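Colleague:
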């Protein structure tokens with residue numbers, strides 16, 4: 001196993017590729033399930049993925065994964081070759097998804113450096129049974145005679161086999177490995193694996209090298225016998241085999257006739273006879289696959305995974321560089337000098353640094369689509385188990401959220417979707433009696449709202465029962481106010497409290513009594529909030545408000561005295577310089593302005609935050625009209641500085657713990673290194689009444 | 001003396017940071033803080049004011065992309081405010097994952113004060129010696145050793161009263 005950990009980069013590569021493959025596989029399955037039919041392309045695709053996983057797992061010595069992948073490969077080989085007509089697609093999907101879960105679990109272990117040891121044989125035999133069943137159902141009698149193992153008896157026929165038969169040389173090789181190198185069977189397998197693409201036909205003894213550990217002893221004693229038909233000269237072949245690790249002894253003989261091949265021929269001939277027409281499409285398929293494989297590997301290479309901490313560091317460094325740039329180009333020593341070329345170069349530098357900054361900010365943002373798509377799987381599994389027909393609708397999956405936040409919301413979302421299906425949606429037959437569409441609908445929606453990202457989990461189920469909630473809350477002493485005083489929203493929000501769960505029976509998916517407070521905790525951990533809306537009989541909507549922590553927002557920078565503030569552009573309706581006669585002052589001293597026949601309150605930022613400024617007259621400064629929560633307010637500032645994308649940072653925790661400042665959502669760094677405070681418009685409009 | 005050198009060597013072996021203090025001047029007094037809390041010392045930076053905070057928290061600064069609050073220790077100890085000059089320094093300290101900058105008049109040096117030379121502060125009624133963990137003796141001088149944690153956490157009630 002030492003080899004295993006010495007190969008760190010290879011391991012990373014393996015984990016990365018396999019994870020991608022598995023994800024691709026999952027999407028494949030879920031997509032086809034919706035279509036209710038496995039197209040030829042999909043079967044090919046799955047076959048290819050499994051083949052890749054099998055190969056790379058064997059290479060990394062994860063035998064359980066490789067074996068499992070092998071059985072699935074067999075299954076799909078059958079599907080591809082025989083195109084059986086009666087397939088129980090849903091069982092098939094279940095099986096493959098089970099495999100997906102198994103491999104995912106093992107990959108997790110590998111990532112954490114644990115030993116990979118779960119036994120895959122039960123699952124494998126399940127798949128084998130299914131394959132048998134399939135074969136019987138589809139009455140391909142000749143093939144049943146041939147046990148599954150035999151198909152594994154390793155005749156690999158490469159794609160370009162047809163034309164160049166003439167140039168084929170036949171070799172017999174006997175390979176001995178170093179004493180004590182261990183796992184001779186895997187090493188032997190690796191050789192065949194490498195040869196497979198080049199060789200026309202490969203046979204070897206012992207045949208069951210991977211499946212049977214006994215083969216190790218055989219290889220040790222008698223050597224690994226390899227029979228190859230290949231389009232290579234003796235020398236090429238010899239060189240190739242000589243590269244084998246731990247090679248002790250190699251004997252390579254060129255054979256004049258295929259006498260010795262005969263012993264392997266029986267099963268193959270049979271197959272060729274059995275299914276002569278299939279062979280041609282098979283070659284096409286493989287060529288097609290080959291092409292596809294290439295495009296996929298190239299796309300794999302264009303993505304790398306990077307540690308987020310490194311990105312944070314990079315972002316800080318770029319920020320630092322921007323400041324350094326300003327220090328150079330605006331250096332006081334340069335004053336009064338005529339240096340045209342310097343300014344030209346400086347402008348170029350500025351352009352590049354700005355671009356760099358934008359890029360670094362964009363790198364951290366990840367669309368929600370991956371997280372959303374994970375829900376397909378949950379919906380599928382649950383609708384099967386609970387016998388409810390559910391359709392999942394995704395809206396706004398392209399909304400980008402900071403990577404850190406995505407990690408935090410994935411679990412709560414899963415919980416909410418489960419809740420929606422388990423508790424929210426009625427059983428299918430109830431829906432029919434209620435004259436609702438038979439298929440329940442769960443909607444996941446994401447959108448940017450002002451300075452937040454809103455994620456909505458909607459279902460069109462039975463909604464929340466206020467009375468039940470109140471009863472339960474009373475039982476658990478969770479009521480703070482008297483019942484008549486509570487608004488609907490307050491009642492619904494009761495279910496977010498710890499120790500509240502309305503589901504009487506505990507089901508497999510939800511209702512273990514932990515309930516919604518876990519969701520609340522998780523969301524609050526990233527500084528977000530949860531709110532619930534419901535209408536009985538129509539459905540429930542749970543809204544997650546994810547804060548702008550580290551989210552990038554478009555902001556308008558304004559200045560008041562020496563201070564800078566940033567207003568999220570999305571909240572701004574307009575900005576204008578008021579005329580004297582539009583201003584109104586009521587007897588309480590509240591200032592207002594009349595715009596196009598409507599009256600809006602004015603907030604003097606310099607008064608609110610007690611900032612010294614010379615601009616106190618409305619006609620000298622500027623008014624910015626902002627709107628949030630359907631309330632409008634005019635903010636009075638000295639002047640607009642310009643619009644910019646800013647990365648939101650939270651105020652230092654020390655300041656937050658000292659005092660909660662109203663109307664501030666965070667702060668951000670401006671291009672020149674100055675700090676600007678981000679205004680929380682929602683807070684400001686409510687502050688004003 | 002020889003004994004204290006031995007002690008020092010011993011402690012250095014144990015932990016190079018233990019018993020070492022960064023000393024700085026605040027008016028006529030000399031203060032010391034444990035070096036293990038100190039992240040770095042920087043010159044005075046442009047400070048962004050944050051509204052509605054107690055007077056002694058001057059605002060926030062941008063330390064290479066990291067935003068940290070700064071506290072004027074003079075004001076914190078209810079001493080008169082003094083204009084910042086080029087000797088004014090910000091000592092960035094890190095306590096329980098919280099970074100904060102302390103604005104002080106000037107930094108002096110790093111001293112090793114063995115535990116034997118540190119005494120508990122005398123009980124003098126009220127006064128602000130609740131931030132003082134001990135008094136270190138070095139030669140003829142005394143250094144007031146700050147309790148950084150108290151500097152940040154204590155007095156919350158007080159600070160709220162200040163602004164209202």
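Chains as they are written, first to last, in UniProt numbering: chain A, 1 to 689; chain B, 1 to 164. We put the beta carbon where it would ideally sit given N, CA and C, even for glycine. Here the structure is a predicted model, which is why all the values come from computation and not from measurement.
1. Indicate whether residue 135 of chain B and residue 652 of chain A have their beta-carbon atoms separated by less than 9 Å.
2. May I have the straight-line CA-CA distance separating residue 196 of chain A from residue 188 of chain A, to the nearest angstrom?
3. Buried or exposed, going by whether 16 or more other CB atoms sit within 10 Å of the CB of residue 137 of chain A?
4. Quick check: the Cα distance between residue 131 of chain A and residue 308 of chain A, rounded to an integer number of angstroms?
5. Who are the neighbours of residue 674 of chain A on chain B, taking C-beta pairs under 9 Å?
6. Does any residue of chain B have a CB that is nearer than 9 Å to the CB of residue 315 of chain A?
7. Please report how far the alpha carbon of residue 70 of chain B lies from the alpha carbon of residue 42 of chain B, in whole angstroms.
8. Can you find a CB in chain A that lies within less than 9 Å of the CB of residue 98 of chain B?
9. Going by CA-CA distance only, name the one from A:55, A:171, A:472, A:390 that's closest to residue 442 of chain A.
10. Over what stretch of residues does the beta strand (DSSP E) that includes residue 390 of chain A continue unbroken?
11. What does residue 78 of chain B touch in chain A if you count any residue whose Cβ is under 7 Å from its own?
12. By Cβ distance below 8 Å, which residues in the same chain neighbour residue 295 of chain A in space, the five residues on each side in sequence not counted?
13. Return the CA-CA distance between residue 452 of chain A and residue 381 of chain A, expressed in angstroms with no decimal places.
14. Thinking C-beta only, is residue 401 of chain A closer than 9 Å to residue 360 of chain A?
15. Determine, for residue 679 of chain A, whether the minimum Cβ-Cβ distance to residues of chain B falls below 9 Å.
16. If I follow the unbroken beta strand (DSSP E) through residue 613 of chain A, where does it start and stop?
17. Output yes if chain A places a C-beta closer than 9 Å to the C-beta of residue 68 of chain B; else output no.
18. Cutting at 6 Å between CB atoms, please list the residues of its own chain near residue 266 of chain A, excluding the five before and the five after it.
19. Could you tell me the boundaries of the beta strand (DSSP E) in which residue 172 of chain A lies?
20. For residue 52 of chain B and chain A, any beta-carbon pair shorter than 9 Å?
21. Within 10 angstroms of its Cβ, does residue 599 of chain A collect 16 or more other Cβ (buried), or is it exposed?
22. Run down chain A in chain order and give the residues with a C-beta less than 9 Å from the C-beta of residue 102 of chain B.
23. Measuring alpha carbon to alpha carbon, tell me which residue in B:148, B:133, B:112 is nearest residue 139 of chain B.
24. Given that a residue counts as buried once 16 or more other Cβ atoms are within 10 Å of its Cβ, and exposed if not, what is residue 339 of chain A?
25. Please confirm if residue 563 of chain A has its CB atom under 9 Å from at least one CB of chain B.
26. How far does the beta strand (DSSP E) with residue 665 of chain A in it extend, from its first residue to its last?
27. Quick test of the definition: if touching needs 3 or more C-beta pairs under 8 Å, does the segment 529 to 547 of chain A touch the segment 413 to 427 of chain A?
28. Could you pull the start and end residues of the beta strand (DSSP E) that residue 130 of chain B belongs to?
29. Using a C-beta cutoff of 9 Å, does residue 611 of chain A count as contacting chain B?
30. Going by C-alpha distance, which of A:333, A:621, A:335, A:315 is nearest residue 355 of chain A?
31. For residue 42 of chain B, which residues does DSSP report across the bridge?
32. List the residues of chain A whose Cβ lies closer than 7 Å to the Cβ of residue 65 of chain B, in chain order.
33. Quick check on DSSP: helix, strand or coil for residue 487 of chain A?
34. Is residue 655 of chain A closer than 9 Å to residue 528 of chain A when the C-beta atoms are compared?
35. Work out the CA separation of residue 449 of chain A and residue 455 of chain A for me, nearest whole Å.
36. Does residue 377 of chain A have its Cβ less than 9 Å from a Cβ in chain B?
Modeller: For this structure:
1. Not a contact, by the Cβ cut-off of 9 Å.
2. Residue 196 of chain A and residue 188 of chain A have their C-alpha atoms roughly 12 Å apart.
3. Note on residue 137 of chain A: under 16 other CB atoms within 10 angstroms of its CB, so exposed under the neighbour-count rule.
4. Roughly 44 Å between the two C-alpha positions.
5. Under the 9 Å cutoff, chain B gives 46, 48, 62.
6. Flagged as an interface residue toward chain B: residue 315 of chain A, by a C-beta distance shorter than 9 Å.
7. Straight-line Cα distance between these residues: approximately 12 Å.
8. Flagged as an interface residue toward chain A: residue 98 of chain B, by a C-beta distance shorter than 9 Å.
9. Answer by Cα proximity: A:390.
10. Element bounds for residue 390 of chain A: 390 to 395.
11. Result: empty, since nearest Cβ-Cβ is about 17 Å, beyond 7 Å.
12. Interpretation of residue 295 of chain A is limited by its pLDDT of 41, a score under 50 that renders its predicted location unreliable; the figure taken from the coordinates is listed afterwards. Short of 8 Å from the beta carbon of residue 295 of chain A, and not among the five residues preceding or following it, lies no beta carbon of its own chain.
13. For residue 452 of chain A and residue 381 of chain A, the gap between their C-alpha atoms comes out near 32 Å.
14. For residue 360 of chain A and residue 401 of chain A, no; Cβs fall outside 9 Å.
15. It does not; no Cβ of chain B falls within 9 Å.
16. Residue 613 of chain A -> no beta strand (DSSP E), and no H or E assigned at all.
17. Against chain A, the CB of residue 68 of chain B has a partner CB under 9 Å away; the residue lies at that interface.
18. Because residue 266 of chain A sits at a pLDDT of 48, beneath the cut-off of 50, its placement in the model cannot be relied upon, and the following sentence gives the value as read from the coordinates. Counting only Cβ-Cβ distances below 6 Å, and skipping sequence neighbours, we find nothing.
19. Membership of residue 172 of chain A in the beta strand (DSSP E) is indicated by the continuous run 169 to 177.
20. Contact with chain A is found for residue 52 of chain B, since one of that chain's Cβ atoms lies less than 9 Å from the residue's Cβ.
21. With fewer than 16 other CB atoms across the displayed protein chains lying within 10 angstroms of its CB, residue 599 of chain A is exposed.
22. Per Cβ cutoff of 9 Å: no residues; residue 102 of chain B is ~12 Å from chain A at best.
23. Measuring from the Cα of residue 139 of chain B, the nearest candidate turns out to be B:112.
24. Exposed is the call here.
25. Cβ-Cβ to chain B under 9 Å: yes for residue 563 of chain A.
26. Note, residue 665 of chain A: beta strand (DSSP E), 664 to 669.
27. Per the Cβ contact rule, the segment 529 to 547 of chain A is in contact with the segment 413 to 427 of chain A (3 or more Cβ pairs under 8 Å).
28. According to the DSSP assignment, residue 130 of chain B belongs to no beta strand (DSSP E), since it is labelled neither H nor E.
29. The beta-carbon of residue 611 of chain A is placed less than 9 Å from the nearest beta-carbon of chain B.
30. For the options A:333, A:621, A:335, A:315, the alpha carbon positioned closest to that of residue 355 of chain A is the one of A:315.
31. When DSSP reads this structure, residue 42 of chain B sits in a beta bridge with B:90.
32. Ordered by position in chain A, the residues that pass the 7 Å Cβ test against residue 65 of chain B are 315, 316, 319, 320, 669.
33. Reduced to three states, the DSSP call for residue 487 of chain A is coil.
34. Their beta carbons are not under 9 Å apart, which means residue 528 of chain A does not touch residue 655 of chain A by this criterion.
35. Distance between the alpha carbons of residue 455 of chain A and residue 449 of chain A is about 10 Å.
36. No - not a single Cβ of chain B is within 9 Å of the one on residue 377 of chain A.
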